[in-house]
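Participant:
Protein chains: 2
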Amino acid sequence: MPPRQPRTGVRRTLPPDGRIRAVIEAITPQVDHGRFAVKRIAGDRVEVEADCFTDGHDLVACRLRHRHENDKAWQETPMTALGNDRWHGDFVVTAPGRYRYTVVAWVDPMLSWRHDFDRRVDPDDIRVAARVGADLVTAAAERARGGDRKRLVEFARSLRETADIDVLHELVQDEQWAALVDRYPDRRLETACPVEFSLDVDRARAGFSSWYELFPRSTAHDTGGHGTFRDCEARVPYIAAMGFDVLYLPPIHPIGAVRRKGPNNTLSAGADDVGSPWAIGSAEGGHKALHPQLGTLADFRSLRDRAQTSGLELALDIAFQCAPDHPYVDAHPEWFRHRPDGSVQYAENPPKKYQDIYPFNFESDEWAALWEELHDVFAFWMGEGVRIFRVDNPHTKPFAFWEWVIARVKRDHPDVIFLAEAFTRPKVMHRLAKLGFTQSYTYFTWRNTRQELTEYFTELADGPGRDYFRPNCWPNTPDILPEILQVGGRAAFMARLVLAATLSGNYGIYGPAYELQEHLPREPGAEEYLDSEKYALRRWDLERADSLAPFIARVNAARRDHPALQRDGGLTFFPTDNDDLICYSRVNTVGDSVVLVVVNLDPRHTQSGWVSLDLAVLGVDPERPFQVHDLLSDARYVWSGVRNFVQLDPAHVPAHVFQVRRRVRSEHDFDYFL
Amino acid sequence: MPPRQPRTGVRRTLPPDGRIRAVIEAITPQVDHGRFAVKRIAGDRVEVEADCFTDGHDLVACRLRHRHENDKAWQETPMTALGNDRWHGDFVVTAPGRYRYTVVAWVDPMLSWRHDFDRRVDPDDIRVAARVGADLVTAAAERARGGDRKRLVEFARSLRETADIDVLHELVQDEQWAALVDRYPDRRLETACPVEFSLDVDRARAGFSSWYELFPRSTAHDTGGHGTFRDCEARVPYIAAMGFDVLYLPPIHPIGAVRRKGPNNTLSAGADDVGSPWAIGSAEGGHKALHPQLGTLADFRSLRDRAQTSGLELALDIAFQCAPDHPYVDAHPEWFRHRPDGSVQYAENPPKKYQDIYPFNFESDEWAALWEELHDVFAFWMGEGVRIFRVDNPHTKPFAFWEWVIARVKRDHPDVIFLAEAFTRPKVMHRLAKLGFTQSYTYFTWRNTRQELTEYFTELADGPGRDYFRPNCWPNTPDILPEILQVGGRAAFMARLVLAATLSGNYGIYGPAYELQEHLPREPGAEEYLDSEKYALRRWDLERADSLAPFIARVNAARRDHPALQRDGGLTFFPTDNDDLICYSRVNTVGDSVVLVVVNLDPRHTQSGWVSLDLAVLGVDPERPFQVHDLLSDARYVWSGVRNFVQLDPAHVPAHVFQVRRRVRSEHDFDYFL
């Protein structure tokens, strides 16, 4: 059932029923007045507030309604008054899917009558008021059944026939009678909010995931040559040991031979050059085929299963673009733009040309067939058990397409996760998140200073995006070797990893470039990797003594063990007296998992200083010392009060990830740390 | 035509045309997503902003559309990019009425082509691009007519046939060609914002008015006894001389005889007691009748005309409630609630009883007839030329009724002004303003300290109400003698008047109680006047030497002479080093009228201190002295720089209302103050 439409503009004709008097306004959460869905995770308690009131002195009753979109019937929960005409209600969502919620309110004569009755003093007035109440109770009895009806009839008679003022007051104040009557309110003049708000509930991994991206073709380091799914499968234990739970593969489809790019994105490829996996499609097939050099569908399935067994879920890259020799180009010329010289329009951003890539023409008259085919690409890989898609450059395809295809996929498969790889303008990124992308790449990659990080993560946590934009923070990608990693050495790789992994529920790295601290750009000033894996095979020495793999494993273990790090939100930044030290806490919703992070942002020098904590945020008694237990080094410190000293040497480890342990007195009268 | 309905919830079926790619979001101003109208004054420039963008690198074009609701055709004005995908457009509204506005945007291939063309470097590429452009221009030619079409055909041919790269670049960069082509954009795939926002434009007095309330029955001070419209007419020159422009009369209808209240709201009235004008209706008539002791309809018309001639517009009090002997009670028993003992339910807020007042039962089955009749009350007085209504306690009647009746009245009479007398909870007051009340009473009456005033007026200027809630500030009313006026003496009356008159475009006083500084409460702690005119006649000695009438005249003259004081907004508070001194400036939209106000909030002691101005706000050169000219005392001071000294003696005048005069060098090389 489509949501009911809100009415706009001021009414001039008589309304259907002018006796409806309750007003509902300012429902939160909501995204663009219900145009888009609010996002939550299965198991979350959804907290809803609304302004509800009426004219005059009468009291209103409010109910929060919610339902899974496949259910017809609403579930109702009472809302309670917060003061200033604001009401609060909540419900817990247990399973992924699309839900709806809204608010209803009505002027409740029974509540108003009871409220007024308690304040009456004149005995005659009280007796008349009791008869008014008796009529209301009689009406409630008519709405009730069985035993309730009988009891209500009896209560009405008592109200009508009792003359003793004290007894009447007792009757009206009796909570059991009140509860019984309130079970049968008169809701004929109820106001229903005309908007039914949408709520998308995702599975847990949508809010908490640790991604590892690698090129399967570079996994053949033992044998040399072109890596395969089998080689990649052999790499799974190594990745799992680092504690990741998503294994993300760049496109695994046949790579175009026509105008194939050479190493370092040069224009002409040699016979042995492997080309870019994002130049999808050749005579060997398109978006639903596998690159023959990677292996067969059986090999792919084997990799998928081995990953699954090791706690790693496969994520595929969906890049909706074609190499010149993609089968679509001949089969569906109507899906591409053609230039006056008869050639197919390649991708360009003048003066740059991407002649190995043909974009789809979404303004084609055959757009509907194109949309269906692109949906089928998702469907094909879902048929192969894939439930996570990292979508390449979604901001270069129409918003309406994404809204449609994501909704269509999630209708039957609400467990599917879409990550938007849109490094673009803020409003474009937000629009993609609003229309359905589960997670989004972020500007974290370029936020380095304390002020930049504080502002950006405060905006993510408190800004309008908090209800729909789920950050997935990457310190590097195959496209982006940020300057800090080019110049900052091993300490920068450690610091950036800790920041990504502790500021955000979702994060990822592109490896083994990351753990092996690959830091050479193609040329000075560029963010492209030298000898990028996008255009060439690489061999990585995973056994190098300086690999960050063990360090990454410790960080991921901290995330796995501490619920505070398994969500967004619950983030508080604390002042430090040294700009190179950033300090923040993460606390889970129940408040029993508290992690305190301090990072030295200067990769060159030891930095020290005083952090000023808000002990109430940490749940720590200001009168008692508390323990901070570093989950990276296993060191423990006893701190007390607001100001505490920190010193971090980048030559060693540039960060503390502290579990905050409160000091507790046991029954046996000694202290221990919780 | 009703506005188009916004779509809510995420789309799952194919849209009608998936090729539509432009997105429009976050249009401002708007009230509750277009549910209610934004308010402006005739002559205002309406500034509209929106986020408009599309996928990829293509450029969008945006237009702001507006129309009077009676017009079918939109007027379009181009919008210009502000950066960050935000666009701005504006239009001027000249006449009162209901308007609509919205935004349209489309991906403009011509703009994108031109943008890209300038960046191309490869000659072959440029020649092909020129042919692409020629096709676009040919298509534009097909949309054009006459000479334009011919010229476009010619331009297309030039693009197609020119081989010289430099000439091609010149052709594309030619601004005249560009302007011609852009006159015929391809808007087939245009996005129209699905919401048409409403805009209520009021006449100037809705935003700038000075009200004087008096009881006509107390105007017989020469003759004694019950005052009449004729007596009131004789009072007009006195009121006009103070510079007011609205003369507001409490209800002028027959006053109920049954359960009439005596002096000071006592329960039993004597034979000579005049009763409360708000206990409306008796055997002599109801809401469309005149109280016989005030005079005839001819007398009323004479008063109305005399007031008009003196620059005073009459405002009537509309109080939708009945005395027990109002003709409606017998004629329409279905419009009232009945108690089980057969009596009509009087107004009550237990334990308080208002037995002289019967409220209407808006939950009556006959609500529609009741609404029509109440509308007819407005219509009757509009027939008598009244265009301003002060509505008594609108918050005790249903919101839906007000929305309907105000819209119905304003459809044919957009010049009507409704002032909501709702001293109640914030969200209720805001709802009434949203649904159509032109002006609203405020909490100003109880805001006394610098902090209270600063916070409250900042909220009014910058909060969500800024687009629909027009404050009308009253330092007193017949119902409210605030504590500050009980204890603060003459200085408090002066200070409160200056604050009301300079913080708000609309303000009013209840006189002659105000200018004669009536300050005795009915009992200690009460806000009711002793011997309130609500229940008794009063005689006022207008000739008293201490009357504030001349002072009030000076304040109103300052308002009349200075556009900065003739609107809301343009308000900036400045720090002072003395909490008893409040300092703020008012600046009109063009910036050529600048008023600076300093008020001593302590009515007992001289206060002095330094104010810290923001000279940029005042439009003053920080390097040169400037003059402040006190419009109350005519004193002039030369100030310079940010910090300036002020001293105000409440025994004299507790406020400065400065015109800020900038120092200007004349052509004859001497300085003068503008």
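Residue numbers (our numbering), protein chains in the order written: chain A, 1 to 674; chain B, 1001 to 1674. Backbone N, C-alpha and C define an ideal beta-carbon position, used for all residues, glycine too. Note that the structure is predicted; figures quoted are calculated from it, not measured.
Of all the alpha helix (DSSP H) runs that stay within the bounds of the region 1048-1129 of chain B, which reach a length of 4 or more residues?
Facilitator: DSSP runs (the alpha helix (DSSP H)) wholly in the region 1048-1129 of chain B: 1109-1117.
Participant: For Arg1127 (chain B), which of B:Glu1047, B:Val1167, B:Phe1362, B:Phe1645 has the nearest alpha-carbon?
Facilitator: B:Val1167
Participant: Keeping to the same chain, check which residues put their C-beta closer than 7 Å to that of Glu533 (chain A); ignore five residues upstream and five downstream.
Facilitator: Phe215, Ser218, Pro478
Participant: Please state whether DSSP places Val1587 (chain B) in a helix, a strand or coil.
Facilitator: strand
Participant: Can you tell me whether DSSP reads Leu530 (chain A) as helix, strand or coil?
Facilitator: The answer is coil: DSSP assigns Leu530 (chain A) none of H, G, I, E or B.
Participant: Return the residue from the list B:Arg1021, B:Phe1574, B:Leu1435, B:Val1274 that minimises the CA-CA distance to Val1031 (chain B).
Facilitator: B:Leu1435
Participant: Using only alpha-carbon positions, find the residue among B:Pro1471, B:Arg1466, B:Pro1426 that is nearest to Phe1418 (chain B).
Facilitator: B:Pro1471
Participant: Kindly indicate if chain A contains any beta-carbon less than 7 Å away from that of Ala1400 (chain B).
Facilitator: yes
Participant: Whole angstroms are fine: how far does the CA of Val1660 (chain B) sit from the CA of Leu1571 (chain B)?
Facilitator: For Leu1571 (chain B) and Val1660 (chain B), the gap between their C-alpha atoms comes out near 14 Å.
Participant: Assuming Gly383 (chain A) is part of the alpha helix (DSSP H), what are its boundary residues?
Facilitator: 367-383 is the extent of the alpha helix (DSSP H) around Gly383 (chain A).
Participant: Counting only beta-carbon atoms, is Ala1651 (chain B) nearer than 7 Å to chain A?
Facilitator: no
Participant: Step through the CB atoms of chain C and report whether any lies within less than 7 Å of the CB of His413 (chain A).
Facilitator: Judged by its chain identifiers, the structure shown contains no chain C, and its protein chains are A and B.
Participant: Would you decide whether Asn1084 (chain B) is buried or exposed? Buried here means 16 or more other CB atoms lie within 10 Å of its CB.
Facilitator: Residue environment for Asn1084 (chain B): exposed (fewer than 16 other C-beta atoms within 10 angstroms of its C-beta).
Participant: I need the DSSP call for Thr1028 (chain B), collapsed to helix, strand or coil.
Facilitator: strand
Participant: Let me know the secondary structure DSSP gives Phe1437 (chain B) once reduced to three states.
Facilitator: Here Phe1437 (chain B) sits in coil by DSSP.
Participant: Closer than 9 Å, Cβ to Cβ, to anything on chain A: give me those residues from the region 1358-1380 of chain B, in chain order.
Facilitator: Pro1359, Phe1362, Glu1363, Ser1364, Asp1365, Trp1367, Ala1368, Leu1370, Trp1371, Glu1372
Participant: Give the range of the beta strand (DSSP E) segment to which Ile1165 (chain B) is assigned.
Facilitator: Where Ile1165 (chain B) is concerned, there is no enclosing beta strand (DSSP E), although the alpha helix (DSSP H) it sits in stretches over 1165-1173.
Participant: Since Thr219 (chain A) sits in a beta bridge, which residues does DSSP pair it with?
Facilitator: Answer by DSSP bridge pairing: none, since Thr219 (chain A) is not bridged.
Participant: Measure from the alpha carbon of Leu537 (chain A) to the alpha carbon of each residue in A:Arg131, A:Val274, A:Arg45, A:His375, then state which is nearest.
Facilitator: A:Val274
Participant: Please go through the same chain and pick out, in chain order, the residues whose beta-carbon is closer than 7 Å to the beta-carbon of Met1 (chain A), but skip the five residues on each side of it.
Facilitator: Unreliable positioning characterises Met1 (chain A) in this predicted model, as indicated by a pLDDT of 33, which lies under 50. The coordinate reading is nonetheless provided below. Answer for Met1 (chain A): no residue qualifies.
Participant: Residues of chain B with CB closer than 8 Å to the CB of Lys150 (chain A), please, in chain order.
Facilitator: The contacting residues do not exist; Lys150 (chain A) stays about 23 Å from chain B at best.
Participant: Bridge partners for Glu421 (chain A) per DSSP, in chain order?
Facilitator: Paired residues: A:Asp392.
Participant: Kindly indicate the opening and closing residues of the beta strand (DSSP E) around Ala347 (chain A).
Facilitator: 347-349
Participant: To the nearest angstrom, how far is the alpha carbon of Gln1293 (chain B) from that of Leu1316 (chain B)?
Facilitator: 17 Å
Participant: What residue range is occupied by the uninterrupted beta strand (DSSP E) comprising Cys1193 (chain B)?
Facilitator: Neither: Cys1193 (chain B) is in no beta strand (DSSP E) and is coded neither H nor E.
Participant: So for Leu303 (chain A), helix, strand or coil by DSSP?
Facilitator: The answer is helix: DSSP assigns Leu303 (chain A) an H, G or I state.
Participant: Given a cut-off of 7 Å on the beta-carbon distance, is the pair Phe300 (chain A) and Gln566 (chain A) in contact?
Facilitator: No, they are not a contact pair.
Participant: Where do the N-terminal and C-terminal ends of the alpha helix (DSSP H) with Lys1150 (chain B) fall, by residue?
Facilitator: 1146-1161
Participant: Which first and last residues belong to the alpha helix (DSSP H) in which Asp1412 (chain B) is found?
Facilitator: In the DSSP assignment, Asp1412 (chain B) falls within the alpha helix (DSSP H) that extends over 1399-1412.
Participant: Which residues, taken in chain order from the region 46-59 of chain A, show a beta carbon closer than 7 Å to some beta carbon of chain B?
Facilitator: Asp51, Phe53, Asp55, Gly56, His57
Participant: Between the beta-carbon of Pro351 (chain A) and the beta-carbon of Asp202 (chain A), is there less than 7 Å?
Facilitator: No, Cβ-Cβ distance for Pro351 (chain A) and Asp202 (chain A) is not below 7 Å.
Participant: Quick check: is the beta carbon of Lys72 (chain A) nearer than 7 Å to any beta carbon in chain B?
Facilitator: no
Participant: Are there 16 or more other CB atoms within 10 angstroms of the CB of Gln675 (chain A), so buried, or fewer, so exposed?
Facilitator: The requested residue 675 (chain A) does not occur in the structure, where chain A is confined to residues 1 to 674.
Participant: Using three-state DSSP, classify Thr454 (chain A) as helix, strand or coil.
Facilitator: When secondary structure is reduced to three states using DSSP, Thr454 (chain A) falls in the helix class.
Participant: From which residue to which residue does the beta strand (DSSP E) around Asp630 (chain A) run?
Facilitator: 626-630
Participant: Using DSSP with H/G/I as helix, E/B as strand and the rest coil, what is Pro1263 (chain B)?
Facilitator: helix
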